[in-house]
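Participant:
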Amino acid sequence: MDESRMNETDELAPDPRAASRTRTLGWAGLAAWAGAGLALEAAHGLKLSAYLDDELTRLLLTLAHAHGALLSIVLLLYGHLGAPLLAREDALTQRLLVGAWAALPAGFALSVIAHPEGDPGVAIVLVPFAGLALVVALVRLALASSRAA
Amino acid sequence: MRAAVVLASVALSAWLVVEAFAVAEDLETPRDLHRVSFVGSGACARCHPSHAASFEPTFHRTMTREASRETVRAPFQGETLSYGGFVAHMTTEPDAEGTPRFVVTTTRRGEHGEELVVDRAIVARTVGSHRDQQLLTREDDRYVRMPVAWDIDESRWIHMNEAFLTPDPEGLDDDRVALTDYARHVVTWNDNCVFCHNVGPRPGLDPVTERFSTEVAELGIACEACHGPGSEHVRVNASPLRRYALHGGGLGDRADPTIVSPSRLAPARAADLCGRCHGQRITEDIGRFLRDGDPFVPGEDLALYSAPLFADTTLDGEPVFAPRFWSDGTARLSAYEYQGYAQSRCASEGELTCIDCHAMHEGDPRGQIRPAMTGDAMCTRCHDALVDPRRRADHVRPEGARGVVVEGPAHVAVACVDCHMPRVVYGLRAMLRSHRIDSPPRRPGARTSDRLDACALCHLDGSDRGHDPSAAAPLDDLFAGDPIQRAAVTAALGRLDRSHAVGPSREARMALLLEVMRDDRYPGVRSMAWAALREIAGIPIENSQFSPTDPRPRRMAQLGSLTQALGVAPLGPETHASLRARASEQAIEIGE
Chain A
175 MDESRMNETD
185 ELAPDPRAAS
195 RTRTLGWAGL
205 AAWAGAGLAL
215 EAAHGLKLSA
225 YLDDELTRLL
235 LTLAHAHGAL
245 LSIVLLLYGH
255 LGAPLLARED
265 ALTQRLLVGA
275 WAALPAGFAL
285 SVIAHPEGDP
295 GVAIVLVPFA
305 GLALVVALVR
315 LALASSRAA
Chain B
177 MRAAVVLASV
187 ALSAWLVVEA
197 FAVAEDLETP
207 RDLHRVSFVG
217 SGACARCHPS
227 HAASFEPTFH
237 RTMTREASRE
247 TVRAPFQGET
257 LSYGGFVAHM
267 TTEPDAEGTP
277 RFVVTTTRRG
287 EHGEELVVDR
297 AIVARTVGSH
307 RDQQLLTRED
317 DRYVRMPVAW
327 DIDESRWIHM
337 NEAFLTPDPE
347 GLDDDRVALT
357 DYARHVVTWN
367 DNCVFCHNVG
377 PRPGLDPVTE
387 RFSTEVAELG
397 IACEACHGPG
407 SEHVRVNASP
417 LRRYALHGGG
427 LGDRADPTIV
437 SPSRLAPARA
447 ADLCGRCHGQ
457 RITEDIGRFL
467 RDGDPFVPGE
477 DLALYSAPLF
487 ADTTLDGEPV
497 FAPRFWSDGT
507 ARLSAYEYQG
517 YAQSRCASEG
527 ELTCIDCHAM
537 HEGDPRGQIR
547 PAMTGDAMCT
557 RCHDALVDPR
567 RRADHVRPEG
577 ARGVVVEGPA
587 HVAVACVDCH
597 MPRVVYGLRA
607 MLRSHRIDSP
617 PRRPGARTSD
627 RLDACALCHL
637 DGSDRGHDPS
647 AAAPLDDLFA
657 GDPIQRAAVT
667 AALGRLDRSH
677 AVGPSREARM
687 ALLLEVMRDD
697 RYPGVRSMAW
707 AALREIAGIP
717 IENSQFSPTD
727 PRPRRMAQLG
737 SLTQALGVAP
747 LGPETHASLR
757 ARASEQAIEI
767 GE
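So the sequence lines, in the order shown, correspond to chains A and B. So the first sequence is numbered by my numbering: it starts at 175 and just counts up by one. So the second sequence is numbered by my numbering: it starts at 177 and just counts up by one.
(1) I want to verify the contact list: residues of chain B whose CB lies under 7 angstroms from the CB of A:H254, in sequence order.
(2) Can you name the residues of chain B whose CB is closer than 7 angstroms to the CB of A:A288?
(3) Apart from the five residues just before and just after B:I613, which ones in its own chain have a Cβ nearer than 7 angstroms to its Cβ?
(4) Following the continuous beta strand (DSSP E) through A:L300, name the residue where it begins and the one where it ends.
(5) Nearest by alpha-carbon distance to A:L244: which of A:L312, A:T267, A:G203, A:A224 is it?
(6) In chain order, what residues of the stretch 271-297 of chain A put their CB closer than 8 angstroms to some CB of chain B?
(7) Put B:W502 into one of helix, strand or coil per three-state DSSP.
(8) If you count every other CB in all the chains shown that lies within 10 Å of the CB of B:C631, and 16 or more means buried, which is it?
(9) By how many angstroms is the C-alpha of B:R284 removed from the C-alpha of B:S217?
(10) Where B:S137 and B:M607 are concerned, what is the direct C-alpha to C-alpha distance, given to the nearest angstrom?
(11) For B:C223, which residues in chain A fall below 9 angstroms Cβ to Cβ?
(12) For B:R769, go through chain A and note every residue whose CB falls closer than 9 angstroms to its CB, in chain order.
(13) What in chain B is Cβ-close to A:E229, meaning under 7 angstroms?
(14) Determine the burial state of B:G714: buried for a count of at least 16 other Cβ atoms within 10 Å of its Cβ, exposed for fewer.
(15) Relative to the C-alpha of A:P290, which residue among B:I764, B:M704, B:H423, B:A757 is closest?
(16) I'd like to check one pair, B:P729 with B:E338: are the Cβ atoms closer than 9 angstroms?
(17) If you compare alpha carbons, which of B:V303, B:C402, B:Y358, B:G347 is closest to B:W365?
(18) Using a Cβ-Cβ cutoff of less than 8 angstroms, which residues in the same chain neighbour A:A318 once the five nearest sequence positions on both sides are dropped?
(19) Since B:H423 meets chain A, which of its residues come closer than 7 angstroms, beta carbon to beta carbon?
(20) For A:V299, would you say it is in contact with chain B, using Cβ-to-Cβ distances shorter than 9 angstroms as the test?
(21) So what's B:P158 in DSSP terms, helix, strand or just coil?
(22) So, does the CB of B:E195 fall closer than 9 angstroms to a CB anywhere in chain A?
(23) Give the single residue among A:A224, A:H241, A:T198 whose Cα lies nearest to the Cα of A:A210.
(24) Spatial neighbours of B:D344 within its chain, please: CB distance less than 7 angstroms, with the 5 preceding and 5 following residues excluded, ordered by chain position.
(25) What did DSSP end up calling B:V581 once you bin it into helix, strand or coil?
(26) Quick one: what's got a C-beta closer than 7 angstroms to B:R301's C-beta in the same chain, skipping five residues either side?
(27) Using DSSP's beta-bridge definition, name the partner residues of B:Q762.
(28) Pull the bridge partners of B:I298 from the DSSP assignment, please.
(29) Give the DSSP-derived three-state secondary structure of B:H643 in the structure shown.
(30) Drop a sphere of 10 angstroms on the beta-carbon of A:A316, count the other beta-carbons inside from all chains shown, and report buried for 16 or more, exposed for fewer.
(31) May I have the straight-line CA-CA distance separating B:A190 from B:A196, to the nearest angstrom?
(32) Quick one: what does DSSP say B:L509 is sitting in, helix, strand or coil?
(33) Near B:H227, what residues of its chain come up, given a Cβ to Cβ distance below 7 angstroms and the 5 sequence neighbours on each side ignored?
(34) Would you call B:V186 buried or exposed, if buried means 16 or more other Cβ atoms sit within 10 Å of its Cβ?
(35) Mapping the DSSP letters down to three states, classify B:L125 as helix, strand or coil.
And the structure:
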């Protein structure tokens, strides 16, 4: 096999390190957002007024927790099942997925800071972009899955 | 793929720029709120939940309600109220669907002792939820106020003749009051209460048929009463870009021309907003008001449509409103706070406005004083020199009285408002603070309609008059004054907290109050005397040993028991006769 053919094959092969990285991020994220969930439960248990009295803050932190935990699971699934479907050159899907995993819950969580009445804080701007990135990544994974089949 | 992403980013950026320019232009475009419709507080609460929640407990919010088990404060469990031979029976009955409805059945005895039903009215709406709750019944095209109301503080039924400053009608002592006197305060809601107790009222009076087709945007006082109609605000702020341009995600705060924010208004315009209801007014175009409602929208100059009533305001050339003011022009009835404010130098020379001291979204619903403005804080914010105790001690000495009155410390305990906003305003059986903020004027004499000065309300025995022997003791007003002077002194007798050191003794106060309860011709004044007596004698509020609207013989019996129980020595007959001989018969009527 000549060198150029070998490079081409490498680029088309899945990247095992990328899969491993995403699994690490997935487990780390799951741990972090599980910890955040514990904190929210504690806020309920201890009746923290700063949390309980602000309905929007409660909603945003709940969304951050839910999206963070769910996207961490998605990242784990991607590490086990999705990444092997993609060629090494297709790093975009992984970047979109990791970006959404980080930005979507962060957007919800950070938008509780100095939020005006009835609207989240400016950090909420992260959410639509992260949501779009997630959708694009999932579509690309679906297409890759279809090709592999 | 990369090209698609770049293209999409460029398109998004271009759209954002165009939208941003459109929003910026929109935020600079003034709106005519006369052309905007109301949306109701539910729509406001969706985006402003904290403001909605903080306004909810106010008495403004619950000013007018549809009658229901949740809104009607009275028990309606068969209670009765007797007045001048009429008996009102309060009962609850289920309607066809089993929903409770509240019924007031009025009866009186016929010539042969038989019980005659004079009226049977179903409560349709309630007005008020603070001290009294008035009841409305539906009569064809209109709502009508009933002659009885529920006293929330005292948990008892009262006749409306007691709530307003009205003298006893003929026949009360014989239990034979005329129906017109029994129903003296029965008024139509549609051309009266509707204006101030609801949002967006339109009485809809047809001048030809004289029938009403009244509409209100919302019962009670809700968001749009102060912030203006909100449909345009709701429509344009569906755009998140616009919202974030306004509040910057919590980092900024810009004015929105589609809604009125009272705190952004000039002081006079903010006061106009409150003065619309807290300042009785008169208009030259009453027909328009009764047909289409008050055209004023928040933020406007109130004078465009109406003028506040003052002592010299005339109706058909007659100064008919003069009795509502003290001789110096200070309002002496509630709902004239705007006039008092306008007469104050804090407003004319300063920049004070109502919401500097009052708040709709914080503080105790009773008075709605800003928590940061309680005590003297509301005054020392501008008059900061008076925070210094030495300067304050100097300040509280009456002018020209140095060396005559006690030194400062005794007066330093007195709040600024006790002297500069004294309780000389009558409102529904209570003496309220005047909103004419001024230096306490010394009363020239004891003329009827002379304002009781701030000193008099504590120095009831005239103990502050050593330097001015010509001045009469305020206690003389208890009998010789007109009804509002009598009410003011009566209420002052019940305030032992600050005045006990200088006024009459507790026992003397009780004797004087018992006299008022027996003989004053105004049930409202008698009612205030009973409240004052309870206060200083420590009688529980639920005690029903006295009924201010009972005929005099029955009151005499009740007072006999009370006097015995309290161990009070009555005034001597000569003292009583001498004081009573000077009683004024000047009637004060509250315009409805």
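For glycine and all other residues, C-beta sits at the position ideal for the given N, C-alpha and C.
Facilitator: Per the coordinate set shown:
(1) In chain order: nothing, as chain B lies at least about 25 angstroms away.
(2) G426, L427
(3) S520, C522, H596, M597
(4) Element bounds for A:L300: not the beta strand (DSSP E) but the alpha helix (DSSP H), 300-322.
(5) A:G203
(6) S285, I287, A288, H289, P290, E291, G292, D293, P294, G295, V296, A297
(7) coil
(8) buried
(9) 44 angstroms
(10) For residue 137 of chain B there is no data in the structure shown, the boundaries of chain B being 177 and 768.
(11) E291, G292, D293
(12) One cannot answer for residue 769 of chain B here, as it falls past the ends of chain B, which runs 177 to 768.
(13) P225
(14) exposed
(15) B:H423
(16) no
(17) B:V303
(18) G256, L259, L260, D264, T267
(19) P290, D293
(20) yes
(21) This structure cannot settle anything about residue 158 of chain B, because the visible part of chain B is limited to 177 through 768.
(22) no
(23) A:H241
(24) R697, P699
(25) Low confidence applies here, because B:V581 scores a pLDDT of 43, under 50, leaving its location unreliable; read the following figure in that light. Coil at B:V581, not helix or strand.
(26) T240, R241, E242, A243, L312, Y319
(27) According to DSSP, which records beta bridges pairwise, B:Q762 is partnered with nothing at all.
(28) B:V279
(29) Reliability fails at B:H643, whose pLDDT of 49 lies under 50, so the model's placement of it is uncertain and no value is given.
(30) exposed
(31) 10 angstroms
(32) strand
(33) H537
(34) exposed
(35) With chain B represented from 177 up to 768, any question about residue 125 of chain B goes unanswered, as that position is not in the structure.
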